[in-house]
Each structure stands twice: as C-alpha cells, then as structure tokens.
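As they're listed, the protein sequences go chains W and Y. The first sequence begins at 1 in my numbering and counts up by one. The second sequence begins at 1001 in my numbering and counts up by one. Think of the CB as a built atom: it goes at the ideal place given N, C-alpha and C, for glycine as much as any other residue. Quick caveat: nothing in here was measured; it's all calculated off a predicted structure.
2 protein chains.
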Amino acid sequence: MTTPIPGLHAIIPAGGAGTRLWPLSRAARPKFLLDLTGTGRTLLQQTVDRLVPLVGVPGITVVAGVRHGAAVVAQLPELPPGAVVHEPSPRDSMPAIALAAAIIARGDPDAVVGSFAADHVVTGDALFADAIGQAVVAARNGDLCTIGITPTHPSVAYGYVEAGDALGLAGAPDAHRVVRFVEKPDAVTATKYVGSGCFWWNAGMFIARADVLLGHLAEHQPRMADGIRAIAEVWETGHRADVLEQVWPTLTKIAIDHALAEPVAAAGAMSVVPGEFGWTDIGDFAALDELLARYAGEGALRVLDGGDNVQAIDAGGLVIAHGDKVVTVIGIPDAVVIDTADALLVTTTGHAQRVRAAAERWRDQGRDDLL
Amino acid sequence: MTTPIPGLHAIIPAGGAGTRLWPLSRAARPKFLLDLTGTGRTLLQQTVDRLVPLVGVPGITVVAGVRHGAAVVAQLPELPPGAVVHEPSPRDSMPAIALAAAIIARGDPDAVVGSFAADHVVTGDALFADAIGQAVVAARNGDLCTIGITPTHPSVAYGYVEAGDALGLAGAPDAHRVVRFVEKPDAVTATKYVGSGCFWWNAGMFIARADVLLGHLAEHQPRMADGIRAIAEVWETGHRADVLEQVWPTLTKIAIDHALAEPVAAAGAMSVVPGEFGWTDIGDFAALDELLARYAGEGALRVLDGGDNVQAIDAGGLVIAHGDKVVTVIGIPDAVVIDTADALLVTTTGHAQRVRAAAERWRDQGRDDLL
C-alpha cells in the first residue's frame, strides 16, 4: 500500500470534449466518462482510483465542465460534497486548475497541487507513485514540476519535454531542469528526440506548491490571477454564484501548457521527473487499438463490447458495438468500426487521425446533434 | 410498345434465398423482394414489369417460396388470383418451373413457357424483347432455348454457354446450337472464352414449348415428371393441398440447369440466342456496387438509402444504411458497409465473394436468427 504524500492535493480537470474518438465520445459524453478499457471503470474513475492512494479521498478536487457536472458527481460517489468544482463554461485548463489551486490554498496554505488529466490511461502504479513522490520534492523546492513519459517509440502524436541537468535534489534523484517544451514534431525530429535520451513525452501533469503556481499565474496571466483570487475569496460564501457568473467569462481561455509551463520553463524554474510507467492519452482510435492490444494480443480484432457478436474473417483492428447487434468484418486487417445508435464510423487505424475532421464536417453540415 | 408474343407464358421462380448479399437480404426477405436499384420497384416487380409487355398480365406465373408467398402477392397486386403458385417447401428451380409449366399446359396445350429469375436486373427492354422473340421461334421449332448474355468482361462469377452452328431459322437469325454449358471458370479460362466469341454468360433463362419441356423432364427426371403430372391433374380441384403435401416433398431438389439444360444440350436439342441487353444477377456486393455506379458515376460512394446521411473522406464503394443513422467512411476506397438493425457488415468490394462464408459462420454459431 502506498502512503498518502503529506500536503499533496490532486486536481483533475474534467471538462474537455474532443472529437478524436467520435462517434464513441460525444460533447455530452466525453471519453473520461467512458469505460474504454473494458475494466468496468471509466477513465475518470480510474484517474481517481490512481490518485486516492497518493492524496487520500479528501485530497481530490475534480473540476467538472458545465455539461458533465451531474455525470461526474454520479460516477464518483465516494467524494465528499465540494470535491467537485463546477465551471460555468469551458475556459480550457488554466482557469480550471488555477481556481482549484486557489480554493485548496485557502484551506491549506502549504499545499502542493498536482494536476492530472481525467482521460489518460496509466499502468504501473508503483512507478507512477515514485515519480509523483519525486515531483513533490521538486515542488517543495520551489519548482513547477512536470512528469516526462519515457518514450516507447518516436511518436508524432505527443509534445516533448527536453531535459537538461539533473537537479541533484535529495529525494528526487531523477529530477532534471527543463530546457523547453516542444510541440508535436515530425517523424524525423521525433526519431532524433527519442534517440537523444533527453526528450520525454509531455503528459500534461504539473506539480507545484499552490502558492508557487498562483505566483507564476500572477506574473504571466495577471488579469486571470486577479479574477481567480476574487472567485476563491467568496467561494465559501453566498456570493459564489454571483462572482463566478461575473468573473468566469472574462478569464482567458488557455491551456496550462501555454499559460505557465512554457514561460516558466523559459525562465528556468521548471523541472521534470521521468516516469517509466505506461501511459497513453488515447488520442485516437489507433491508440485505443494499441491499448486494447495489451489485453487481446497482436493481430486480433479488439472488441470493447459484445465480443461474441463480432466475427472477423482475415480482419483485425478495433470494433466497438453495443447491444445485441452483430458485426462482421472481412478482409480489412486494420479496421476501425465504431457503431452507435445514431452514427457509424468505418475507417482504418492508419486514418485514425482524420476522425476529428469527419466530426467537424458533420458540424459544418449543421449536425451538431451528432457531436 | 411491344406486342405480346402469342402463346408465350412467363414463369418466375421466386423462392431462393441466398446469402451473398447478407445482411441486406435475409431468408425471409430475399433480394427479389428488395429495391436494390433505388427505383422504387423491387427486383421481383421489375421482373414482372419487364415481362408483362411480352406475355400480358394473364401470361405471368410466379412460383413463390413458402416463406415469401404473402410478400410476393402483396408486391404484385396487378396479378389475378392463381397467378402466384405457392410451393410447400424449397426444392430448387426444376420442380417449381415444371409445376408451373404443367399448370400452364393444362390451360393452353400449345403454350411456350419462358423461365426468368426474379432477382436479376436487365437493361435495354427492346433488345430483351428481340432476344425473347427469337427464342420463342426456336422453341416453336422444338428446341429448349436459352438466352446467352454477351460478356462485357471475362467474369469468373458466371457460368458460360458455348455456341456452335447457327440454326438458320427464319425469325431467329441469331439462334445457335448449344455445344455445352460450363460452370464458373477460372480467370485464364474465362479470358479464353470471351476472346473466342463463342461463349456467352448463362443467365438461367429457358424458353421451350411446355410439352417439350415436360417431355425432357419425363426423359431425364421421370419420377419428378410423374409427381408433377399428379399435382397438375388435381390443381383446380379440392385435392390440390393433399396431393401437394404428399408428392412435393418426394421431388428431387435440383436446378433446371442440371436437370434439363445440361443433358438436353448434350443431346443436341438445346439452342441459344445471344442477348445484347445489360444484365446482372447482382451476385455479390461488388456487382451491386458496379450496378449502382451506372447511376452514381465512378469513384463515388454508392448509397442506396439516406444519401445525405453518408460522408466519405477519401473513400468509395457502397454504403447501405437505413433510417436517420449517419455513416462516415474514411480512407477505404472500395468499402462495403451494410448496416441493418441487427447486423453490420464491413468489407471491401474485393472481398465481396466471402460474404456468404460470413453468413454461414453465423449459422454455424447457432445464429439462424441472423439469416
């Protein structure tokens, strides 16, 4: 059993609704609300399950998007009231994380906060706990710290963190100074990165003392910092709703990566701890197929639902269907077949990155009901 | 306007239920009951529409399979009672055609009967009428006559008829003696056949005087001939049901091709009239895709239902879906996507011939409900 890390709080932004797993994920039912691994637990539930041993149940704060609040609360009955912060509208991750950090800091001025996406898959809990433990040491030392995922291949689907010198911190032997963050590279660059041994995948996990995080915010996004402070001050009062309604829409819509991680790294105040644990953001159906391959074995058709109802003849890939419907796939070795009540997607893992464009085309045709 | 050909009767066996267009066609809803061309008329209705100008409404006899009788009658309200003969159980095409011929012969001893499949597509009515007219001349001359389709390509999906000398019949200038029937050839053989100019596709159309046809039956299938005669004798009496029930199950289950066409050709009593009209038996989804290409143009996705609900990104082929469901196909240039309420098929036109095996696998798994 892992012992909770004193003073550590976990923030889980659960508001995004991408279209890369459309039509499986929808705006009203994004992937963190789905069980994508066939374990019986949704990605959000798995995220909480993974973090509770490190922060305890009282250490969890989920920031739920406006369309998902009720579903988030329903999926996490173990959390006390107040553990779910409801954002009035989507403003990307920075306002959500900052608000949660400000609320946590009012209750625990010495808190260290870690932000973790609600829709990633992690395997290897002990390795995860070790990395977080080292990151907390770096955070206590004043850094904004991120976890860098050891690349298993030269992925072009992820951004990278370039590591510099080791910090030489007691209790954080693997922590390094961050040189820079880089966006998704091309294949040649990715191969160079992975070969160098100095680049890790950016998994969007950030750990810092709450006061440090909010200090960086005041420096790089001063207007947002003012707004967050105003909201947090009245959070436990009857003015919460009024102030939220007034201030929240004025906050800049920006991700923490761009708002803080990049400028703080440029200023030399960012560190990275490499994580050897398994990780994926399930960024498209090819990634989901790869994830499920760990259960099903190579070459097989991965089936997330109704396995007896799927028949493959010289076919492989991923089939997701529901209910009693049978699916037959013939002669497509890398098929992706996603069947839902109102939308059917047929493609291959090689074209998985184009699913977003397909969803957007439906939107362009006025079919918002499908998103 | 075509004038009906005196004494010609059309027999339309409508009993088969193949699995090559599964899951679109089902045992209870075979392809002749479906509108596969988007014209608003089913293949059975189109078959009747094509033959009525040649034989008149009273000249149509449909032999309906036991599971399809009600649907056949419902689709053909223009036919008088008695025009639909209901077989008690499927015995392939020979007993069905022989019974219809025997019933017709009792009413018109000089009748010429022509047998035409209920689920083929013909284009070019004038050319069709001309070929049938010549075939009737050959039939009046005592031949069992077939229509040979002029091959458009060296198909391996069809059987072939090899033609010998021209008959030199007045009124049937294109009629030739049949040398032999050959089963579906391999690609090399098919190319040789088509290059020779002496081979036509066997479209399963047979025209003969009813007494000639029944005479050949008596010679090659004497027990069946006895049984058919026994049934026909009581057809208009109160004993029909009893005799049918007693005799029908004893009749050999055999196609007219094997029961009559092959032995009669071997005996030199078979002729063939080439047909220049367009013809397909829609033997698989590749053939359906090709058929619909005439309407939709090359390279496009052919959509049989809900065109606005289908989106293709670098994709082509065939999509059949129903209702309001949207279908998105990405990156598969020759896709076949057949979506029904209880079964979804995903394959490519190149694998269309394997659909039958897929349907049979479901049967092997005890899923007769899907067939």
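Beta-carbon spacing of residue i, residue j below 8 Å
{"i": "VAL264 (chain W)", "j": "LEU144 (chain W)", "result": "yes"}
{"i": "VAL112 (chain W)", "j": "LEU43 (chain W)", "result": "no"}
{"i": "GLY1275 (chain Y)", "j": "ILE1097 (chain Y)", "result": "no"}
{"i": "ILE256 (chain W)", "j": "PHE206 (chain W)", "result": "yes"}
{"i": "HIS1176 (chain Y)", "j": "ALA1163 (chain Y)", "result": "yes"}
{"i": "LEU1054 (chain Y)", "j": "ILE1104 (chain Y)", "result": "no"}
{"i": "GLY317 (chain W)", "j": "GLY1350 (chain Y)", "result": "no"}
{"i": "ALA1357 (chain Y)", "j": "ILE132 (chain W)", "result": "no"}
{"i": "GLN160 (chain W)", "j": "VAL182 (chain W)", "result": "For the record, residue 160 (chain W) in the displayed sequence is Tyr; it is not Gln. Yes, these two residues count as a Cβ contact at 8 Å."}
{"i": "VAL272 (chain W)", "j": "TRP362 (chain W)", "result": "no"}
{"i": "ALA970 (chain Y)", "j": "LEU1344 (chain Y)", "result": "An answer regarding residue 970 (chain Y) cannot be provided, because it is not within the stretch 1001 to 1371 covered by chain Y."}
{"i": "ALA1064 (chain Y)", "j": "GLY1015 (chain Y)", "result": "yes"}
{"i": "VAL1310 (chain Y)", "j": "VAL1327 (chain Y)", "result": "yes"}
{"i": "GLN1075 (chain Y)", "j": "GLN1046 (chain Y)", "result": "no"}
{"i": "ASP119 (chain W)", "j": "ILE282 (chain W)", "result": "yes"}
{"i": "ALA1070 (chain Y)", "j": "LEU1033 (chain Y)", "result": "no"}
{"i": "ARG1029 (chain Y)", "j": "ASP1035 (chain Y)", "result": "no"}
{"i": "LEU1291 (chain Y)", "j": "VAL1319 (chain Y)", "result": "no"}
{"i": "TRP279 (chain W)", "j": "ALA190 (chain W)", "result": "no"}
{"i": "PRO1333 (chain Y)", "j": "ALA1352 (chain Y)", "result": "no"}
Status (buried if at least 16 other CB within 10 Å, exposed otherwise) for residue i
{"i": "HIS153 (chain W)", "result": "exposed"}
{"i": "PRO1376 (chain Y)", "result": "No answer is possible for residue 1376 (chain Y): the residues shown for chain Y start at 1001 and end at 1371."}
{"i": "THR3 (chain W)", "result": "exposed"}
{"i": "SER1196 (chain Y)", "result": "exposed"}
{"i": "GLY82 (chain W)", "result": "exposed"}
{"i": "GLU1262 (chain Y)", "result": "buried"}
{"i": "LYS1031 (chain Y)", "result": "buried"}
{"i": "VAL1346 (chain Y)", "result": "buried"}
{"i": "VAL963 (chain Y)", "result": "With chain Y running from 1001 to 1371 in the structure shown, residue 963 (chain Y) is simply not present."}
{"i": "PHE186 (chain W)", "result": "At residue 186 (chain W) the sequence reads Asp, which differs from the Phe that was named. Exposed, by the Cβ-count rule."}
{"i": "VAL136 (chain W)", "result": "buried"}
{"i": "ASP241 (chain W)", "result": "Note that residue 241 (chain W) is Ala in the sequence shown here, rather than Asp. With fewer than 16 other Cβ atoms within 10 Å, it is exposed."}
{"i": "GLN221 (chain W)", "result": "buried"}
{"i": "ARG140 (chain W)", "result": "buried"}
{"i": "ALA210 (chain W)", "result": "buried"}
{"i": "GLU87 (chain W)", "result": "buried"}
{"i": "ALA1172 (chain Y)", "result": "buried"}
{"i": "GLY268 (chain W)", "result": "exposed"}
DSSP state of residue i mapped onto helix, strand, coil
{"i": "HIS1239 (chain Y)", "result": "coil"}
{"i": "ARG390 (chain W)", "result": "Outside the displayed range of chain W (1 to 371) lies residue 390 (chain W), so it cannot be described from this structure."}
{"i": "ASN309 (chain W)", "result": "helix"}
{"i": "LEU1144 (chain Y)", "result": "strand"}
{"i": "ASP1165 (chain Y)", "result": "strand"}
{"i": "ASP1368 (chain Y)", "result": "helix"}
{"i": "ALA1343 (chain Y)", "result": "strand"}
{"i": "ILE231 (chain W)", "result": "helix"}
{"i": "ILE338 (chain W)", "result": "strand"}
{"i": "ARG26 (chain W)", "result": "strand"}
{"i": "PHE1206 (chain Y)", "result": "strand"}
{"i": "ARG67 (chain W)", "result": "coil"}
{"i": "LEU1318 (chain Y)", "result": "strand"}
{"i": "VAL272 (chain W)", "result": "strand"}
{"i": "ALA101 (chain W)", "result": "helix"}
{"i": "GLY278 (chain W)", "result": "strand"}
{"i": "THR61 (chain W)", "result": "strand"}
{"i": "LEU1301 (chain Y)", "result": "strand"}
Partner residues on chain B for residue i, Cβ-Cβ distance less than 9 Å
{"i": "ILE282 (chain W)", "result": "Of the chains in the structure shown, none is chain B; the protein chains are W and Y."}
Could you check whether the segment 1321-1336 of chain Y touches the segment 301-321 of chain W, counting it as contact only if at least three pairs of C-beta atoms, one from each stretch, sit closer than 8 Å? no
Could you list the residues in the segment 1343-1357 of chain Y with a C-beta less than 9 Å from some C-beta on chain W, going in chain order? ALA1343, LEU1344, LEU1345, VAL1346, THR1347, THR1348, GLY1350, HIS1351, ALA1352, ARG1354, VAL1355, ALA1357
Is the segment 210-230 of chain W in contact with the segment 123-130 of chain W, if contact means three or more CB pairs nearer than 8 Å? no
What are the residues of the segment 1316-1340 of chain Y that lie near chain W, defined by any Cβ-Cβ distance shorter than 8 Å? ALA1321, ASP1324, LYS1325, VAL1326, VAL1327, THR1328, VAL1329, ILE1330, GLY1331, ILE1332, ALA1335, VAL1337, ASP1339
With a threshold of 8 Å, are at least 3 pairs of Cβ atoms found where one atom belongs to the segment 209-217 of chain W and the other to the segment 89-105 of chain W? yes
Please determine if the segment 6-26 of chain W and the segment 56-64 of chain W are in contact, where contact requires at least 3 C-beta pairs separated by less than 8 Å. yes
Residues of the segment 1123-1150 of chain Y with a CB closer than 7 Å to any CB of chain W: list them in chain order, please. none
Residues in the segment 174-191 of chain W having any Cβ partner in chain Y nearer than 7 Å: none
Okay, do the segment 1081-1091 of chain Y and the segment 1243-1250 of chain Y touch, 3+ Cβ pairs below 8 Å being the bar? yes
According to a CB-to-CB cut-off of less than 9 Å, which residues of the segment 75-103 of chain W neighbour chain Y? none
Residues within the segment 1018-1048 of chain Y neighbouring chain W, beta-carbon criterion of under 7 Å: none
Give me the subset of the segment 356-371 of chain W whose CB atoms are less than 9 Å from a CB atom of chain Y, sorted by chain position. ALA357, ALA358, ALA359, ARG361, TRP362, GLN365, ARG367, LEU370
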